[in-house]
Amino acid sequence: MLEEGQYIYCIIEASEARNFGSIGIGDRGDPVTTIGFGYGGLAAVVSSTPISKCTVSKETMLAHEEVVERVMWDYTVLPVRFCTVAPSAEDIRNLLRRRYPEFKKLMREFDNKIELGLKALWKDMDAVFSEIRESEITAIGAKEAIPSFERGALGVQVEADRLKHALQERKVMEQEILLRPLRQISMNCCLNNTYGDDMIVNAAFLVDRTWEMVFDGRVDNLISEYGERIEFKYVGPAPPYSFVNIVIGD
Numbered sequence: 008m009l010e011e012g013q014y015i016y017c018i019i020e021a022s023e024a025r026n027f028g029s030i031g032i033g034d035r036g037d038p039v040t041t042i043g044f045g046y047g048g049l050a051a052v053v054s055s056t057p058i059s060k061c062t063v064s065k066e067t068m069l070a071h072e073e074v075v076e077r078v079m080w081d082y083t084v085l086p087v088r089f090c091t092v093a094p095s096a097e098d099i100r101n102l103l104r105r106r107y108p109e110f111k112k113l114m115r116e117f118d119n120k121i122e123l124g125l126k127a128l129w130k131d132m133d134a135v136f137s138e139i140r141e142s143e144i145t146a147i148g149a150k151e152a153i154p155s156f157e158r159g160a161l162g163v164q165v166e167a168d169r170l171k172h173a174l175q176e177r178k179v180m181e182q183e184i185l186l187r188p189l190r191q192i193s194m195n196c197c198l199n200n201t202y203g204d205d206m207i208v209n210a211a212f213l214v215d216r217t218w219e220m221v222f223d224g225r226v227d228n229l230i231s232e233y234g235e236r237i238e239f240k241y242v243g244p245a246p247p248y249s250f251v252n253i254v255i256g257d
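Numbers 8 to 257, taken from this note's numbering, label the letters of the sequence shown in order.
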């Protein structure tokens with residue numbers, strides 16, 4: 008039989024012990040509870056798990072996130088890195104004592120904060136490329152936009168490189184237009200990598216809970232104004248994964 012440890016989901020401030028239900032990672036029905044609630048108001052949200060190499064899979068990652076999101080209903084959470092297992096409850100209490108100033112500072116920083124995510128993608132890339140070509144022709148003239156020597160393989164590559172550069176410039180310009188009204192009411196913004204030619208925005212925003220409805224309204228305004236040519240994917244609220252990720256141990 009494998010030795011049992013404590014899987015850590017997040018850190019919270021709690022003055023009393025909590026049981027969040029039998030939703031622990033690993034499909035064993037382990038209760039998710041708190042440890043260390045008696046020390047300075049800090050607690051780790053945990054469930055029992057075998058001390059072994061954590062299996063990284065879509066299912067276990069979703070189970071981890073579901074627990075943190077459940078805890079977020081009632082508390083400000085500091086997410087802990089996925090697959091963090093402590094040998095014992097006493098190790099967790101020692102951790103809370105040792106890193107008390109750090110965790111308390113982060114609690115103040117992220118108190119009542121949520122993460123909202125937005126992706127924006129062009130719906131019709133043929134239309135976007137046509138707009139770019141027309142802009143080039145208008146700006147520098149048809150003869151310069153498509154030189155006569157650009158008729159063979161070299162010409163095709165030159166034109167492709169030019170189009171790629173112009174597309175990136177267009178993406179940066181439209182990204183800023185979309186982000187500006189959202190940054191104005193956010194505490195922070197994390198720009199993630201965009202994938203494919205069609206993705207303009209892939210961003211996470213740190214927002215005070217009291218501003219969530221205002222943020223929703225700003226997104227609705229963007230959809231109303233640009234929805235015919237841009238698809239928006241708006242998610243949240245979620246724990247502030249993009250802005251804090253507590254690492255414990257190696």
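Quick reminder that beta carbons are idealized off the backbone N, C-alpha and C, glycines included.
Between which two residues does the beta strand (DSSP E) holding residue i run?
i: Glu-238; result: 237 to 245
i: Pro-57; result: 49 to 57
Tell me the rounded alpha-carbon separation between residue i and residue j.
i: Trp-218; j: Ser-64; result: 34 Å
i: Asp-34; j: Asn-26; result: 17 Å
i: Glu-138; j: Phe-212; result: 30 Å
i: Tyr-6; j: Asn-209; result: Because the chain is modelled from 8 through 257, residue 6 falls outside the range shown and cannot be assessed.
i: Ile-253; j: Leu-85; result: 7 Å
i: Glu-97; j: Thr-62; result: 24 Å
i: Asn-200; j: Glu-23; result: 41 Å
Run the CB neighbour count on residue i, radius 10 Å, all protein chains shown included, and call it buried at 16 or more, exposed below.
i: Ala-149; result: With a pLDDT of 47 at Ala-149, under the threshold of 50, the modelled position of that residue is not reliable, and the figure given next carries that caveat. Classification of Ala-149: exposed, given that the 10 Å Cβ count is below 16.
i: Ser-155; result: Note that Ser-155 has pLDDT 46, beneath the 50 cutoff, so the model's placement of it is unreliable and no number is given.
i: Tyr-16; result: buried
i: Leu-189; result: buried
i: Gly-43; result: buried
i: Leu-186; result: buried
In three-state terms, what does DSSP make of residue i?
i: Ile-255; result: coil
i: Tyr-16; result: strand
i: Met-194; result: coil
i: Ile-230; result: helix
i: Lys-130; result: coil
i: Glu-141; result: helix
Could you name the residues of the same chain whose beta carbon sits closer than 7 Å to that of residue i, not counting the 5 residues immediately before and after it, in chain order?
i: Lys-1; result: Since the displayed the chain opens at 8 and closes at 257, residue 1 lies outside it and no answer follows.
Just reading off the alpha helix (DSSP H) that residue i is part of, what are its end residues?
i: Ala-210; result: No alpha helix (DSSP H) holds Ala-210; the beta strand (DSSP E) holding it covers 206 to 215.
i: Ala-70; result: 65 to 79
Take residue i and list the residues in its own chain whose beta-carbon comes closer than 8 Å to its own, dropping the five residues that flank it on each side.
i: Val-1; result: In this structure the chain extends from 8 to 257, so residue 1 is not present and cannot be described.
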